[in-house]
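Participant:
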Amino acid sequence: MIRMIRFTVSAILSACFIAGGAPAALADNVSAPTAAKVSKPVWTRSNFDEYIRRFNAHDETAFDDYIAPEMRMLNGTLAFTGVQGMKDHYLKKIWPFYKEELHVERFVSDANSIAIQMWAHFTASKDADTLFGSVRAGETFDFHGVIMYEITNNKFSRITVAYNSFMHTDPTGKTVNMGIPH
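My numbering numbers the first residue of the sequence shown as 1135 and each following residue consecutively.
#1: Starting from isoleucine 1228, trace the beta strand (DSSP E) both ways and give me its first and last residue.
#2: Classify serine 1299 as buried or exposed, calling it buried when 16 or more other Cβ atoms lie within 10 Å of its own Cβ.
#3: Decide if the region 1182-1196 is in contact with the region 1229-1236; the criterion is three or more beta carbon pairs, one per stretch, under 8 Å apart.
#4: Report buried or exposed for methionine 1207, applying the criterion of at least 16 other Cβ atoms within 10 angstroms of its Cβ.
#5: Name the DSSP beta bridge partners of tryptophan 1253, please?
#6: What are the boundary residues of the alpha helix (DSSP H) that includes alanine 1271?
#7: May I ask you to report which of helix, strand or coil DSSP gives isoleucine 1304?
#8: So, using beta-carbon positions, are proline 1203 and glycine 1219 closer together than 8 Å?
#9: Judging by CA-CA distance, which residue of Val1269, Pro1305, Phe1182 is the nearest neighbour of valine 1242?
#10: Out of Phe1231, Thr1274, Thr1195, Asp1193, which one is the CA nearest neighbour of lysine 1308?
#11: For glutamate 1194, which of Asp1263, Phe1277, Thr1178, Trp1229 has the nearest alpha-carbon?
#12: Is the distance from the Cβ of methionine 1301 to the Cβ of alanine 1249 below 8 Å?
#13: Who are the Cβ neighbours of valine 1310 in its own chain at under 6 Å, not counting the five residues just before and after it?
#14: Taking only three categories from DSSP, how would you classify aspartate 1106?
#15: Under the assumption that glycine 1267 contacts alanine 1258 (Cβ atoms under 8 Å), give the Cβ distance between them as a whole number of angstroms.
#16: Going by DSSP in three states, serine 1165 sits in which element: helix, strand or coil?
#17: Using DSSP's beta-bridge definition, name the partner residues of valine 1176.
#18: Can threonine 1264 and phenylalanine 1231 be called in contact, C-beta distance under 8 Å?
#19: Give me the Cα-Cα distance between threonine 1306 and aspartate 1276, rounded to the nearest whole angstrom.
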């Protein structure tokens, strides 16, 4: 009975360590099962940085190249679908009014997902009524958060954005926490 419990604990612990390789032995005379081979991520930091470079250049063709046709995006309280949903959001609601720069502060990936800790900086390019409210040219918005990208067939199939903070700075330098803007 005790030996069986040790094997069960060994098997459970081995399963927990598969990604990093199972320990040689976890209990007396009980070898851990051989670790399964884990595939390397297709998406490297340099691949992702190329997507971000194109995104920051407001290159709408990046969506064609990186977004799955059925992609679902949840960004705060906004939700949209597919390549056309991304284009409609950025080409009609963000990029005509803001110079947006996305900065990747931390990148983590596996074979099926990417997570980034990020900072997005928006500078209003003109006076306008926008998704963030009425703005004057030169006003800035800074968004800090985490984005999870799920990958299917080497394209982003689901993107989930989580906010940590969203700050507005007016031309006089006054900064206000906006909460979730949309």
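Ideal placement from N, C-alpha and C gives every residue a C-beta, glycine not left out.
Facilitator: Concretely, from the data shown:
#1: The continuous stretches of beta strand (DSSP E) do not include isoleucine 1228, and DSSP gives it neither H nor E.
#2: Exposure of serine 1299 is indicated by the presence of fewer than 16 other C-beta atoms within 10 angstroms of its C-beta.
#3: In the pairwise beta carbon analysis, the region 1182-1196 is classified as touching the region 1229-1236: at least three pairs are separated by under 8 Å.
#4: Buried.
#5: His1237, His1278, per the DSSP bridge assignment.
#6: Run containing alanine 1271: none; DSSP gives neither H nor E here.
#7: According to the sequence displayed, residue 1304 carries aspartate and not isoleucine. In the three-state reduction of the DSSP assignment, aspartate 1304 falls in the coil class, being assigned neither a helical nor a strand state.
#8: Against a cut-off of 8 Å, the Cβ pair of glycine 1219 and proline 1203 comes out as no contact.
#9: Proximity to valine 1242 across Val1269, Pro1305, Phe1182 peaks at Phe1182, based on C-alpha coordinates.
#10: Comparing Cα-Cα distances from lysine 1308 to each of Phe1231, Thr1274, Thr1195, Asp1193, the minimum goes to Thr1274.
#11: The shortest Cα separation from glutamate 1194 among Asp1263, Phe1277, Thr1178, Trp1229 belongs to Trp1229.
#12: Contact: no.
#13: Around valine 1310: His1302.
#14: No statement about residue 1106 is possible, as the shown extent of the chain runs from 1135 to 1316 and does not include it.
#15: That pair is no contact at about 10 Å.
#16: Below a pLDDT of 50, predicted positions are generally treated as unreliable, and serine 1165, at 42, falls in that range; the measurement from the model is reported next regardless. Assigned with DSSP and collapsed to three states, serine 1165 falls in strand.
#17: Beta-bridge pairing links valine 1176 to no other residue.
#18: Yes, the Cβ-Cβ distance between threonine 1264 and phenylalanine 1231 is below 8 Å.
#19: When rounded, the distance between both Cα atoms is 16 Å.
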